[in-house]
Amino acid sequence: MNQQPTIGIALSGGGVRGAAHAGLFKALEENGIEVTQFSGSSAGAMAGALYAAGYGPEDILEFFKISANNIFQWRHFARSKPGILDSDQYAELFEPWLKDHTFESLSKKLHICVTDVLKGEIRFFSSGELVRPILASAAVPGVFSPVDIGENWYIDGGTMNNFPLEPLMGQCDVVLGSYVSLKKVLEKNELDSTLQLLNRASDLSFLALSLQKFKDCSLVFAPSELWQYGSFDSKKIDEIYQIGYEHACSKMDSLLAILDRVKADARNME
1328 MNQQPTIGIA
1338 LSGGGVRGAA
1348 HAGLFKALEE
1358 NGIEVTQFSG
1368 SSAGAMAGAL
1378 YAAGYGPEDI
1388 LEFFKISANN
1398 IFQWRHFARS
1408 KPGILDSDQY
1418 AELFEPWLKD
1428 HTFESLSKKL
1438 HICVTDVLKG
1448 EIRFFSSGEL
1458 VRPILASAAV
1468 PGVFSPVDIG
1478 ENWYIDGGTM
1488 NNFPLEPLMG
1498 QCDVVLGSYV
1508 SLKKVLEKNE
1518 LDSTLQLLNR
1528 ASDLSFLALS
1538 LQKFKDCSLV
1548 FAPSELWQYG
1558 SFDSKKIDEI
1568 YQIGYEHACS
1578 KMDSLLAILD
1588 RVKADARNME
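Last residue of the sequence shown: number 1597 in the numbering used here, and the count goes up by one each step with no gaps.
Structure (structure tokens):
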């Protein structure tokens, strides 16, 4: 088998910590490893879409910087919509990058995970218009307004599925994960309000659901150092990118060994 194994990667949400996904992409490129399918929630949907559209790791890093510095603008505040910020206003951020793209125009297969807030269901977009599903997948409830697509309202894919592995299972020879939403151990004084306690409980619930899926991956990239960065920590994006890159480099021997085993198994079956 001279052909390379097909590789799919699930990309978690995590706000600006999604820049670590781009660091992983850089390490993969340096080792000649090509990913053929992506499945992403929220920041993972953004990173996966940009990479599938042909942008390089440094380009994706730049996108995260630009978008992070343009979140809290007066013109983005929601009017007559549920949410502080109007998700539709952020379409302009994608115009220079993905204006003419659909899922079908991408060079790699992409699945974007969203939450149907009306039906209470997970949905994956893999065809048609690209930008609105990305906006929906990143529409953190309470912060960004829901995004209407067709007759439905959609919010952050991470609300119900922050590690969207499902579309890749059975479709790729090797399934990888990139998880950037690990949580830190807190001190008691960091939970001094009811809201903080509720947010913490919600975060841990999402994490528990994601961790259960790690066993279904051939390898998961989950830099432990990322716990110290917040989802909107825009001044630390370069550091986050570097952490993602260095962590990926540290696991590259393991990944190459996995790929060699898959190729050997395929040769034995010929």
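Backbone N, C-alpha and C fix where the C-beta goes; we use that ideal spot for every residue, glycine too.
These numbers come from a predicted model, not from an experiment.
Item	Value
Let me know the alpha helix (DSSP H) ranges lying completely inside the segment 1422-1475, each 4 residues or longer, listed in chain order.	1458-1464
At 4 residues or longer, and completely inside the segment 1514-1596: list those alpha helix (DSSP H) runs for me, N to C.	1521-1538, 1564-1577 and 1579-1596
Is I1393 helix, strand or coil when you go by DSSP?	helix
Per the contact definition of three or more C-beta pairs closer than 8 Å, is the segment 1347-1359 in contact with the segment 1500-1516?	yes
Going by the DSSP bridge assignment, what does V1501 pair with across the sheet?	I1334
What separation, rounded to the nearest whole angstrom, lies between the Cα atoms of A1562 and Y1417?	Position check: residue 1562 holds Lys in this sequence, whereas Ala was assumed. Rounded to whole angstroms, K1562 to Y1417 spans 20 Å at the Cα level.
Straight-line CA distance for T1333 to A1354?	17 Å
For the candidate residues E1431, P1409, S1577 and V1502, whose alpha-carbon lies nearest to that of V1444?	P1409
Which whole-angstrom value is the C-beta distance of S1369 and G1485, which I expect to be below 8 Å?	5 Å
DSSP on G1375, reduced to helix/strand/coil?	helix
Please list, in chain order, all residues of the same chain as M1328 whose beta carbon is under 8 Å from its beta carbon, the five residues on each side excluded.	With a pLDDT of only 44 at M1328, under the threshold of 50, the placement of this residue in the model should not be trusted; the figure read from the coordinates follows. Counting only Cβ-Cβ distances below 8 Å, and skipping sequence neighbours, we find K1590, A1593, R1594 and E1597.
Taking DSSP as the reference, what is the three-state secondary structure of S1369?	coil
Can you tell me where the alpha helix (DSSP H) with F1352 in it begins and where it stops?	A1346 to E1357
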